[in-house]
Every structure is written in structure tokens, then in C-alpha cells.
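Asks: To get the numbering used here, take the position in the sequence shown, counting from 1, and add 432.
Even for Gly, the Cβ is constructed at its ideal location relative to N, Cα and C.
Can you read through this structure? Questions will come right after.
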Amino acid sequence: MHAMVLNATGAPLVWTELPDRAPGPGEIRVRVLACGVCRTDLHVVDGELPRPLLPVIPGHEIVGRIDRIGPGVTGLRIGERVGIPWLGRTCGCCRYCAGGQENLCDAPLFTGFTRDGGYATAAIADARFAFPLGEEGDDVALAPLLCAGLIGWRSLVMAGAGRALGLYGFGAAAHIVAQVARWQGRAVHAFTAPGDRAGQDFARSLGAVWAGGSDEPPPAALDAAIIYAPVGALVPAALRAVRKGGRVVCAGIHMSDIPAFPYALLWEERQILSVANLTRQDGIDFLGLAPRIGIRTRTTAYPLRDANRALDDLRHGRFEGAAVLVP
Numbered sequence: 433m434h435a436m437v438l439n440a441t442g443a444p445l446v447w448t449e450l451p452d453r454a455p456g457p458g459e460i461r462v463r464v465l466a467c468g469v470c471r472t473d474l475h476v477v478d479g480e481l482p483r484p485l486l487p488v489i490p491g492h493e494i495v496g497r498i499d500r501i502g503p504g505v506t507g508l509r510i511g512e513r514v515g516i517p518w519l520g521r522t523c524g525c526c527r528y529c530a531g532g533q534e535n536l537c538d539a540p541l542f543t544g545f546t547r548d549g550g551y552a553t554a555a556i557a558d559a560r561f562a563f564p565l566g567e568e569g570d571d572v573a574l575a576p577l578l579c580a581g582l583i584g585w586r587s588l589v590m591a592g593a594g595r596a597l598g599l600y601g602f603g604a605a606a607h608i609v610a611q612v613a614r615w616q617g618r619a620v621h622a623f624t625a626p627g628d629r630a631g632q633d634f635a636r637s638l639g640a641v642w643a644g645g646s647d648e649p650p651p652a653a654l655d656a657a658i659i660y661a662p663v664g665a666l667v668p669a670a671l672r673a674v675r676k677g678g679r680v681v682c683a684g685i686h687m688s689d690i691p692a693f694p695y696a697l698l699w700e701e702r703q704i705l706s707v708a709n710l711t712r713q714d715g716i717d718f719l720g721l722a723p724r725i726g727i728r729t730r731t732t733a734y735p736l737r738d739a740n741r742a743l744d745d746l747r748h749g750r751f752e753g754a755a756v757l758v759p
């Protein structure tokens, strides 16, 4: 097998030939068909997330076909197309797993961070954390649903049922969530980097009722706002934009420091919440709903060997939607 390997944070990924790997008990091996390039991958590569397992193969938006099944696996078959997400394994016995919050597990493994991921021609996964994808939809188009879509879905649920919704940072996750929110009958307000007219036009093309810079106020108070950009200064900006009792959901795994802000912005029962990882139920709920919604992802495909270029293009906002690696 071949893979793009991270040997040291802050360094480029290295094209590497590795021995073929066999799945262990409870595991499957998939031939990777597509792997999305997520902003979390940037945080891993740049060393912004502590304690990655190095060397590691990044990538956690994996679409692949099972080509080998380990002992004890049931319910999956050779040749079946599956998706492998960020949450790669949980302990199943801590208070969080026992209480239905496996996303907060005390001893988890994360795909592409603490276990090898999908920037490769093949990947090993815990069969319990692989989602059957069926045969509908293109491999490249489906890949961003495995994290941008799943985390987007969890953040949307946490935002509550309010109609007026703000999305700060209109990238891979927001362009999916905007479609879900519009399908639910919500009014989407998109906030981009100041002066990003192309991003604002992209948001309007997906049904946003308003699009502007993150330094601009929305035309009316929002019921909730979700922050996808890893910029802590957006938290007080979003608090200013939501109504009394409104929610601000921080959906990223990493964010720059939140600056001090006056208590008056939080008063009147406004809330700040964070999203951590996902649960398997999130995957079942969202991936079951996605075909009904008719989500269309905008993707830019790159050969697997060009993973460093894809990451740099993501870092500098050189495409709309999501990047996807194709072995």
C-alpha cells in the first residue's frame, strides 16, 4: 500500500510505500476510493492538536470498499462501500460511553490522529465505527459528509430549532449545513472573511437569505449562530448577532483564543456551547437523512500524491466547498 505519512508536525507529508496490513479482530480493511481533506487535518499537520500518534497517516473522511474482514465482524460484507469517520473507537465502559455520550469517551481513538487514516490506498477500521453507504452517490461527493457533514449536523442540532441561523466561516461544513437548514425551512445568514465576495456569492447560490463579512451585523437578530472558522474573535461577534436567549455554537476542534468581552454580550441568557467529535447515532441520523435532502457537495479532487498541495490550498482558501483526495 501507499500513503502520505506525517512523520513530524509542521513538516510536509511524505509519500511512503508500506507493507499491506491485515485487519485484526473486529476490524475491516477498505480499499480507499476517496478521502476528504478536513480542516482538522490541518490542525493535526500543523501541530495545533496535542499528542498525535506519530508517524500517522492523516484523513478521516474516508469512502472505501471492504476488501478484507477480520475475525468476529458481523453485518458487513466484502465489496460493501462504507464510510469511516473521525471517531475511530471508544472504550465502551467509561461514564460517557455508558451515558450515551461516546463522543466524550475518556479513552477514544481518532482516525487520522491516534490511528492511521485515509490518506492512503487502504485503511484499517474498527468495524463498529464504519457506516454502510449503499451505492447511491459519487465517492468524491460523499467523502465530505463523513466529517464536515457529521460535525455540521451535530452543531445544527445543538443550535436548536430557531429559524434565523448564522453560519460563520462558509467552508466545507457550512456549505453542507446550509443545505440542511434550508431543507428544514430555516433562514441562513452566511458570514465570510471580510471582502470575500466569491464566498458570499457561493452562500447565496445555496439559498442563504443574506451573506456578508464577519465584521458586519446581520439584518436582524439571529436565533442561533454556528462558528466553523477557527477564529476566537468571532465568538463575541456572534454573541452580538444573536437575540436574547440565543445560542452560539463553536463547532471546531481547535480555535484561537477568545478575546475578553463585556458580560453584557452574554447576559440575557445567551449561551456558548462547543461541539466535540460525534457519536455513531449522529452518523446514522445524518447519513440516513442526506439522500432525502438531496445534498450536493462542491468538491475539488486531488491525486493522493498531492495531499500537501490540497492542505495548503485549504489553508489559504483557494477553493469553495471541500477538497478530496483520490488514490
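Go through its chain and collect everything with a Cβ distance to N709's Cβ below 6 Å, but skip five positions before and after it.
Replies: Counted from its first residue, the sequence shown places residue 709 at position 277. Here the set comprises L519 and N535.
Asks: Apply the 10 Å Cβ neighbour rule to S637 and answer buried if 16 or more other Cβ atoms are within range, or exposed otherwise.
Replies: Start at 1 with the first residue of the sequence shown, and residue 637 comes out as number 205. It counts as exposed.
Asks: According to DSSP, simplified to helix, strand and coil, what is V495?
Replies: For the purposes of this step, residue 495 is identified with residue 63 of the sequence shown, where counting begins at 1. Here V495 sits in strand by DSSP.
Asks: With distance defined between alpha-carbon atoms, name the residue in H686, A661, P649 and G684 nearest to A669.
Replies: As a first step, residue 669 must be located in the sequence shown, where it is residue number 237. It is P649.
Asks: Can you confirm whether the segment 476-488 touches the segment 553-571 when touching is taken to mean that 3 or more C-beta pairs between the two stretches lie within less than 8 Å?
Replies: With the cut-off at 8 Å, the segment 553-571 and the segment 476-488 do not touch.
Asks: Between which two residues does the alpha helix (DSSP H) containing P668 stretch?
Replies: In the sequence shown, the residue the question calls residue 668 occupies position 236. That run of the alpha helix (DSSP H) goes L666 to A673.
Asks: In chain order, what are the residue ranges of uninterrupted alpha helix (DSSP H) at least 4 long that sit wholly in the segment 550-634?
Replies: Considered as a whole, the segment 550-634 harbours 571-574, 580-591 and 604-615 as its complete alpha helix (DSSP H) runs of no fewer than 4 residues, in chain order.
Asks: Going by alpha carbons, who is nearest to Q713 out of I460, R471, A454 and V589?
Replies: Here residue 713 is taken as the residue at index 281 of the sequence shown, counted from 1. The shortest Cα separation from Q713 among I460, R471, A454 and V589 belongs to V589.
Asks: So is D548 buried or exposed if we call it buried at 16+ other beta carbons inside 10 Å?
Replies: The count along the sequence shown starts at 1 and reaches residue 548 at position 116. Buried: at least 16 other Cβ atoms inside 10 Å.
Asks: From which residue to which residue does the beta strand (DSSP E) around I658 run?
Replies: If you number the sequence shown from 1, residue 658 lands on position 226. Unbroken beta strand (DSSP E) run through I658: L654 to I659.
Asks: Do you know how far the Cα of R702 is from the Cα of V612?
Replies: The sequence position of residue 612 within the sequence shown is 180, counting from 1. The sequence position of residue 702 within the sequence shown is 270, counting from 1. Approximately 24 Å between the Cα atoms of the pair.
Asks: Would you list the residues sitting across from T732 in a DSSP beta bridge?
Replies: Locating residue 732 in the sequence shown gives position 300, counting from the first residue. Partner residues in the beta bridge of T732, as assigned by DSSP, are A755.
Asks: Name the residue from G504, P517 and R586 whose alpha carbon lies nearest to the alpha carbon of C682.
Replies: Stepping through the sequence shown from its first residue, residue 682 is reached at position 250. Among G504, P517 and R586, the Cα nearest to that of C682 is on R586.
Asks: Taking only three categories from DSSP, how would you classify T472?
Replies: Translated into the one-based positions of the sequence shown, residue 472 becomes position 40. In the structure shown, T472 sits in a helix (DSSP, three-state: H, G or I).
Asks: Between the segment 599-607 and the segment 656-668, do at least 3 Cβ pairs fall closer than 8 Å?
Replies: They touch, by the three-pair rule.
Asks: Kindly indicate which three-state DSSP category F718 falls into: helix, strand or coil?
Replies: Position 286 of the sequence shown, counted from the start, is the residue given in the question as residue 718. DSSP places F718 in helix when its eight states are reduced to three.
Asks: Would you list the residues sitting across from G644 in a DSSP beta bridge?
Replies: The residue given as residue 644 occupies position 212 in the sequence shown. Paired residues: F623.
Asks: Taking the Cβ atom as the reference point for each residue, do I516 and A454 lie within a distance shorter than 8 Å?
Replies: Your numbering for residue 516 matches position 84 in the sequence shown. Your numbering for residue 454 matches position 22 in the sequence shown. Taking 8 Å as the Cβ cut-off, I516 and A454 do not qualify as a contacting pair.
Asks: Which same chain residues end up closer than 8 Å to L481 when comparing Cβ atoms and leaving out the 5 residues on each side of it in sequence?
Replies: Walking along the sequence shown from the start, residue 481 turns up at place 49. Contacts found: T472, H475, F545, I685 and H686.
Asks: Going along the chain, which unbroken runs of the beta strand (DSSP E) with 3 or more residues stay wholly within the segment 497-555?
Replies: 513-516 and 519-521
Asks: Would DSSP call L481 helix, strand or coil?
Replies: Here residue 481 corresponds to residue number 49 of the sequence shown, with the count starting at 1. If DSSP states are grouped into helix, strand and coil, L481 belongs with coil.
Asks: Just the C-alpha distance for D655 and D738, rounded to the nearest angstrom, thanks.
Replies: Within the sequence shown, residue 655 is the residue found at index 223, counting from 1. Within the sequence shown, residue 738 is the residue found at index 306, counting from 1. One alpha carbon belongs to D655, the other to D738, and they sit about 41 Å apart.
Asks: Contact check, A754 vs A604 under 8 Å by CB: the rounded distance?
Replies: Start at 1 with the first residue of the sequence shown, and residue 754 comes out as number 322. Start at 1 with the first residue of the sequence shown, and residue 604 comes out as number 172. Contact holds; Cβ gap of about 4 Å.
Asks: Is it true that the CB of V464 sits closer than 8 Å to the CB of A552?
Replies: For the purposes of this step, residue 552 is taken as the residue at position 120 of the sequence shown. For the purposes of this step, residue 464 is taken as the residue at position 32 of the sequence shown. A552 places its beta carbon less than 8 Å from that of V464.
Asks: CB-CB under 6 Å to V760, same chain, minus the five flanking residues each way: which ones, in chain order?
Replies: Past the boundaries of the shown model lies residue 760; the chain is included only from 433 to 759, so the question cannot be answered.
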